[in-house]
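Here is the structure we will look at.
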Amino acid sequence: MSLQPYDTLLTFHDEYRAASAQDYEGAVSGVWDLLLNYYFNQKDGFVHRTQDKVEGGYVDMSSYQWAVRPNQPRRVRTPFLVTQCKRTARENDAGTWAEGLDQLDRYMRYMVSQHPWPHPQYGIIAVGRYAEFYKWDAAVSAPALYTSRYDILGDSAAVHEHLMEIRAERLAGR
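In the working numbering, the protein residues as written are 35 to 208.
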């Protein structure tokens with residue numbers, strides 16, 4: 035099933051405009067909660083948990099898919115995406131992006147260690163109106179940046195494509 039790009043959604047524009055520089059991470063999380071639930075919805079077995087406690091801290095948003103796994107009597111909650119959100123006022127702060135990457139590294143490392151079935155693992159660092167996409171690189175045991183930094187409104191076509199790629203991968207059972 036093909037989804038319309040998120041920039042066609044009135045609610046996206048409302049949330050995007052509502053996130054001001056004075057807001058904390060919650061406003062950015064609101065935008066990403068909307069996006070993640072749009073692309074990865076409960077109808078397809080997806081669930082997003084906020085403030086999941088893991089070794090080393092609390093993940094802003096952990097995304098899972100309930101999936102059938104070999105030799106399992108029932109569906110298994112399978113982690114596939116970690117999203118870390120930072121406030122809009124810090125968009126141009128290199129330290130904030132570095133902190134996001136450090137958190138992403140810790141949380142993705144934990145996510146990979148807790149799940150026995152190898153499958154692609156992703157991460158997003160969202161700082162205000164910008165986002166970077168990462169994929170877990172098992173060869174070096176670290177998240178690897180696989181896109182440039184995107185303005186989620188100005189580069190919405192590219193962000194849509196990346197989210198659709200991850201979605202297609204998950205729906206195909208990879």
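All C-beta atoms, glycine included, are put in the ideal place defined by N, C-alpha and C.
As the structure is a prediction and not an experimental result, all values here were calculated from the model.
- Closest option to proline 152, judged by alpha-carbon separation, among Glu195, Gly90, Ser175: Ser175.
- Annotation: the continuous beta strand (DSSP E) that includes histidine 82 extends over 80-88.
- Distance from the Cα of tyrosine 164 is smallest, within the candidate group Glu89, Val93, Asp127, Leu37, for Asp127.
- Pairwise C-beta distances place the region 103-111 out of contact with the region 130-141, as fewer than three of them are shorter than 8 Å.
- In this structure, serine 96 lies near valine 116, with their beta-carbon atoms less than 8 Å apart.
- Residue pairing by DSSP places glycine 91 opposite Val88 in a beta bridge.
- Counting only residues of its own chain and dropping the five nearest sequence neighbours on each side, lysine 169 has a CB closer than 8 Å to the CB of Pro154, Gln155, Tyr156, Gly157, Pro177, Ala178, Tyr180.
- Annotation note: the region 134-203 contains the following uninterrupted beta strand (DSSP E) runs of length 3 or greater, listed N- to C-terminal: 156-161, 164-171, 176-179.
- Its Cα nearest to that of leucine 138, the residue Tyr92 stands out among Gln56, Arg121, Tyr92.
- Taking the CA atoms as reference points, isoleucine 186 sits about 11 Å from histidine 47.
- Within a 10 Å sphere around the beta-carbon of arginine 51 sit fewer than 16 other beta-carbons, which makes this residue exposed.
- Taking a 10 Å sphere around the C-beta of tyrosine 40, we find 16 or more other C-beta atoms and assign the residue as buried.
- Here DSSP, grouped into helix, strand and coil, assigns alanine 123 to helix.
- Tyrosine 98 carries a strand assignment under DSSP once its states are collapsed to helix, strand and coil.
- Collapsing the DSSP output to three states places phenylalanine 114 in a strand.
- For the region 39-80, the full-length alpha helix (DSSP H) segments reaching 4 residues or more read 44-52, 59-73 along the chain.
- Between alanine 191 and valine 62, the C-beta gap is not smaller than 8 Å, which leaves the two residues out of contact.
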